[in-house]
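Undergrad: In the numbering used here, the protein residues as written are 131 to 372. Using N, Cα and C, we set each Cβ at its ideal position, and we do this for glycine too. Please read these numbers as outputs of a predicted model, since none were measured by experiment. Please see the structure below; I have some questions.
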């Protein structure tokens, strides 16, 4: 074998080694990319179904108060952060009433509303908000126009209760969602109390000039465990004044 042939063989071996190294690196990068995509999809699938509807994980301020942190943007892209505060399902509005709340089947007295519903943990949590939104809504029974009026009155009543507990230093709005209009075939229609929960929303942060109602509508849309605007007949947002 000539010296030239020996050098060629060595060069070929070196070239082959470099080629194998490059191929191995490409395979490794491809594998990492595939597992990265699969991992991201798995992460998203935890709180989002195939339609894009998400389930928001709740925090607790006490054993009866759930807090859902959400973020939304107005039409100009300005963003706001909210805490949607909802009492657990055994609390809610008395059917047909705009002045009374109930726990299970028992009506709460005005004192119980201040001490049990607007408990110290809720007052503390809401007290640090930049703004508060009192929500009124009604379940699927009755004419839409009448139930929207009921939703408006419940929002005003909620705002008054909250201001009685916290004072008037925090800006307050009302949001009337109207009547529930998306009955579920798999749900128990004999008990519609879950369609009229007690809700107060805290504005935590917002970009300067944010249109709060637009950002809130965006934040609450496509959520499986929040009263999404699409499930109710109205989205009437107004500044609250006594």
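(1) Is the segment 245–262 close to the segment 279–295, with three or more CB pairs under 8 Å?
(2) Per DSSP, residue 357 forms a beta bridge with which residues?
(3) Around the Cβ of residue 371, are there at least 16 other Cβ atoms within 10 angstroms (buried) or fewer (exposed)?
(4) Just the Cα atoms here: how many angstroms apart are residue 296 and residue 271?
(5) Using DSSP with H/G/I as helix, E/B as strand and the rest coil, what is residue 368?
(6) Check each candidate in 298, 299, 326, 313 and name the one with the smallest Cα separation from residue 307.
(7) Alpha carbon to alpha carbon, how far is residue 348 from residue 200?
(8) Whole angstroms is fine: what's the gap from residue 337's alpha carbon to residue 195's?
(9) Keeping to the same chain, check which residues put their C-beta closer than 8 Å to that of residue 359; ignore five residues upstream and five downstream.
(10) Using CA atoms only, rank isn't needed, just tell me which of 354, 222, 368 is closest to residue 235.
(11) Would you list the residues sitting across from residue 232 in a DSSP beta bridge?
(12) Excluding five sequence neighbours on each side, which residues of the same chain lie with their C-beta closer than 7 Å to the C-beta of residue 218?
(13) Here's the rule: buried if 16 or more other CB atoms are within 10 angstroms of the residue's CB, otherwise exposed. What is residue 231?
(14) Is any heavy atom in the ligand ZN found nearer than 7 Å to the beta carbon of residue 243?
(15) From this set, 311, 191, 183, which residue's C-alpha is nearest residue 213's C-alpha?
(16) In the DSSP assignment, find the unbroken beta strand (DSSP E) run with residue 203 in it and report its ends.
TA: Well, looking at it:
(1) yes
(2) DSSP lists no partner for residue 357.
(3) exposed
(4) 33 Å
(5) strand
(6) 326
(7) 9 Å
(8) 27 Å
(9) 307, 347, 350, 351, 365
(10) 222
(11) 222, 237
(12) 194, 196
(13) buried
(14) No copy of the ligand ZN appears in this structure; indeed no ligand is present at all.
(15) 191
(16) 195–203
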